[in-house]
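Working notes, beginning with the structure itself.
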Amino acid sequence: MSQKIRIKLKSYDHNLVDKSAEKIVKTVKSTGAVVKGPIPLPTHKRIFTVNRSTFVNKKSREQFQLCSYQRLIDIDGSTTKTVDALMKLELPSGVDVSIKV
Numbered sequence: 003m004s005q006k007i008r009i010k011l012k013s014y015d016h017n018l019v020d021k022s023a024e025k026i027v028k029t030v031k032s033t034g035a036v037v038k039g040p041i042p043l044p045t046h047k048r049i050f051t052v053n054r055s056t057f058v059n060k061k062s063r064e065q066f067q068l069c070s071y072q073r074l075i076d077i078d079g080s081t082t083k084t085v086d087a088l089m090k091l092e093l094p095s096g097v098d099v100s101i102k103v
């Protein structure tokens, strides 16, 4: 029973995403499945502009940026051993993982 699994990782820290993707690829390769990726997806940047003072200086503003990084991993030819290894895998708390079968 081979099935295709797609794993999508999201985080605000690019180091966490890269380390998590490396862990997933290493565990999947150890079970004998074929891995495609990690494929970096475009970075989403949200920029917020805020006034520095409340009333007087309208032209004095400050900008903040929030970036979210994403990686995509495709697994072909997975078995029950691969799924069990992925379920037991410990990932950092700052990474959002979504799995589609």
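Each number in our numbering comes from the position in the sequence shown (counting from 1) with 2 added on. In this text, a Cβ means the ideal position worked out from N, Cα and C, and glycines have one as well. Since this is a predicted model, take the numbers as computed values, not measurements.
Those residues which DSSP pairs with residue i across a bridge
i, result
"N53", "R63"
"L1", "Residue 1 falls outside the range modelled here, since the chain spans only 3 to 103, and no answer is possible."
"P42", "R73"
"V37", "I77"
Bounding residues of the beta strand (DSSP E) (the contiguous stretch that carries residue i)
i, result
"K12", "Q5 to S13"
"V99", "D98 to K102"
Candidates the options: closest to residue i by CA position
i, options, result
"D20", "L68, K102 and L74", "L74"
"A35", "K10, A87 and V99", "A87"
"I101", "P94, M89 and G79", "M89"
"V27", "I77, N59, Q65 and S55", "I77"
"V6", "S22, K38 and H16", "According to the sequence provided, residue 6 is Lys. The question's Val does not apply to it. Ranking S22, K38 and H16 by Cα distance to K6 puts K38 first."
Terminal residues of the alpha helix (DSSP H) in which residue i lies
i, result
"K83", "T82 to M89"
"V27", "H16 to T33"
Pair within 8 Å by beta-carbon distance, residue i and residue j
i, j, result
"V99", "I9", "yes"
"T45", "Y71", "yes"
"K12", "L91", "no"
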